[in-house]
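In the numbering used here, the protein residues as written are -15 to 193.
Where a beta carbon is used, it is the ideal one built from N, C-alpha and C, also for glycine.
Read the structure below first, then the notes.
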Amino acid sequence: MNTLSSRLVTLCFFCLVAAPASGGSTAEVTVTGTITPNACTPTLSANGIVDHGRVPARSLNQYEFSTLPSRTLDLTVSCNASVLYVLVGVDNRAGSSLGPGFYYGLGTNVHVPTERLGTVSLALRDVVGDGDSVLVLASSNEGQTWFPESNAYPDNYMGFARPGTLVPEPHREITATLHIETSINAAAYLTLDQEVPLDGSIVLDLRYL
């Protein structure tokens, strides 16, 4: 039996489609920001770790993506004053993405580097800003225009505002549930005769406006 290991690194994971008797696999997520006089601190529950366990290669679909169980993390951004900022998902494995602009990459097969291993998608749900429900606003042109969008697409700005408002607003605290969906490429396109670590790496970058 072979298994595949998936790793989403800085939003960062590790998960493994592994061979028999291989060790467990984990997925890590980390968030970075910049210290300013009005500083914000982003944190994730469970130290940002998402564990998909072992994924047997024989369980993968031959000719379509295999979706792993959904995972969630609690995201909190705390500031020492009301601050205007955005979050940006930066894909450190963009070259391996099977859907650039929509999905983050999971890296390439270490044994056959031309093989791309899968995708990760992120979304922010149940967002609360300073005690009230808020919308997630997205911008694909670095803040020139905004639209409601809870999916955290690569390189999009994500801001937060009251319902009915279409420009981001400053907040002292934001809490949200980060939904993480991981899919492994069709087995027919992967060489799985030995352990293959999935090596996705995503940074949630906090940028002040």
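_Going by the DSSP bridge assignment, what does Leu165 pair with across the sheet?_
On the sequence shown, residue 165 is found 181 positions in, with the first residue counted as 1. Position check: residue 165 holds Glu in this sequence, whereas Leu was assumed. In DSSP, Glu165 forms a bridge with Ser105.
*So the beta strand (DSSP E) Arg55 belongs to, where does it begin and stop?*
Taking the sequence shown and counting its residues from 1, one reaches residue 55 at position 71. Segment Arg55 to Val67, the beta strand (DSSP E) holding Arg55.
*asked:* If you reduce the DSSP assignment to three classes, tell me which class Arg42 lands in.
replied: Stepping through the sequence shown from its first residue, residue 42 is reached at position 58. Of the three classes helix, strand and coil, the one that applies to Arg42 here is helix, per DSSP.
*Return the first residue and the last residue of the beta strand (DSSP E) that Leu150 is part of.*
Counted from its first residue, the sequence shown places residue 150 at position 166. Premise fails: Leu150 is in no beta strand (DSSP E) and is neither H nor E.
*From this set, Thr175, Asp189, Tyr192 and Gly184, which residue's C-alpha is nearest Thr98's C-alpha?*
Locating residue 98 in the sequence shown gives position 114, where the first residue counts as 1. Among Thr175, Asp189, Tyr192 and Gly184, the Cα nearest to that of Thr98 belongs to Thr175.
*Which residues DSSP lists as bridging Tyr195, in chain order*: Shown here, the chain extends from -15 to 193; a query on residue 195 therefore has no answer.
*How about Val112 and Arg191: do their beta carbons lie closer than 8 Å?*
Here the question's residue 112 lines up with position 128 in the sequence shown. Here the question's residue 191 lines up with position 207 in the sequence shown. No. Outside cutoff.
*According to the neighbour-count rule (16 or more other Cβ atoms, all chains shown, within 10 Å of its Cβ), is Glu179 buried or exposed?*
What you label residue 179 is simply residue 195 of the sequence shown in a count that begins at 1. Its Cβ being crowded by 16 or more others within 10 Å, Glu179 is buried.
*asked:* Please state the DSSP three-state secondary structure of Tyr137.
replied: In the sequence shown, residue 137 corresponds to position 153, counting from 1. Coil, per DSSP.
*C-alpha distance - Thr103 paired with Ala172, whole-angstrom precision*: As a working note, residue 103 is residue 119 in the sequence shown. As a working note, residue 172 is residue 188 in the sequence shown. Taking the straight line from one Cα to the other gives about 16 Å.
*Bounding residues of the beta strand (DSSP E) (the contiguous stretch that carries Pro26)*: Locating residue 26 in the sequence shown gives position 42, counting from the first residue. It spans Cys24 to Leu28 - the beta strand (DSSP E) in which Pro26 sits, taken as one unbroken run.
_Residue from Leu90, Ala145, Ser81 and Gln128 with nearest C-alpha to Leu52_ = Residue numbering aside, residue 52 sits at position 68 when the sequence shown is read from its first letter. The candidate whose alpha carbon is nearest that of Leu52 is Leu90.
*Could you say which of Ser185, Thr166 and Val187 lies nearest to Ser54 if we only look at CA atoms?*
Translated into the one-based positions of the sequence shown, residue 54 becomes position 70. Selected option, being the one with the closest Cα: Thr166.
_Alpha carbons only, please: which of Pro84, Gly85, Leu101 and Phe86 is nearest the one belonging to Thr92?_
Numbered from its first residue, the sequence shown carries residue 92 at position 108. Out of Pro84, Gly85, Leu101 and Phe86, Leu101 has the C-alpha closest to the C-alpha of Thr92.
_Asn140, buried or exposed, once every other Cβ within 10 Å from all chains shown has been counted against 16_ = Looking up residue 140 in the sequence shown gives position 156. Buried, because 16 or more other Cβ atoms sit within 10 Å of the Cβ of Asn140.
_Need the endpoints of the beta strand (DSSP E) that Ser123 sits in, please._
The sequence position of residue 123 within the sequence shown is 139, counting from 1. Element bounds for Ser123: Leu119 to Ser123.
*For Gly83, which of helix, strand or coil comes out of DSSP?*
On the sequence shown, position 99 is the one that residue 83 refers to. Looking at Gly83 - three-state DSSP - the assignment turns out to be coil, as it is neither helix nor strand.
*Determine the burial state of Val(-7): buried for a count of at least 16 other Cβ atoms within 10 Å of its Cβ, exposed for fewer.*
Numbered from its first residue, the sequence shown carries residue -7 at position 9. Confidence is the limiting factor: at Val(-7) the pLDDT is only 35, short of 50, which leaves the residue's position unreliable, though a coordinate-based value still follows. Buried: at least 16 other Cβ atoms inside 10 Å.
_Using 8 Å for Cβ pairs, my map puts Ile66 next to His155. What's the rounded Cβ distance?_
Counted from its first residue, the sequence shown places residue 66 at position 82. Counted from its first residue, the sequence shown places residue 155 at position 171. The question names Ile, but residue 66 is Ser in the sequence shown. So it is a contact: roughly 6 Å between Cβ atoms.
*Look at the alpha carbon of Glu157 and the alpha carbon of Val61, and state the distance between them as a whole number of angstroms.*
Within the sequence shown, numbered from 1, the residue matching residue 157 stands at position 173. Within the sequence shown, numbered from 1, the residue matching residue 61 stands at position 77. Approximately 6 Å, taken between the alpha carbons.
*In whole angstroms, what separates the C-alpha of Pro26 from that of His163?*
Working through the sequence shown from its first residue, we reach residue 26 at position 42. Working through the sequence shown from its first residue, we reach residue 163 at position 179. Rounded to whole angstroms, Pro26 to His163 spans 16 Å at the Cα level.
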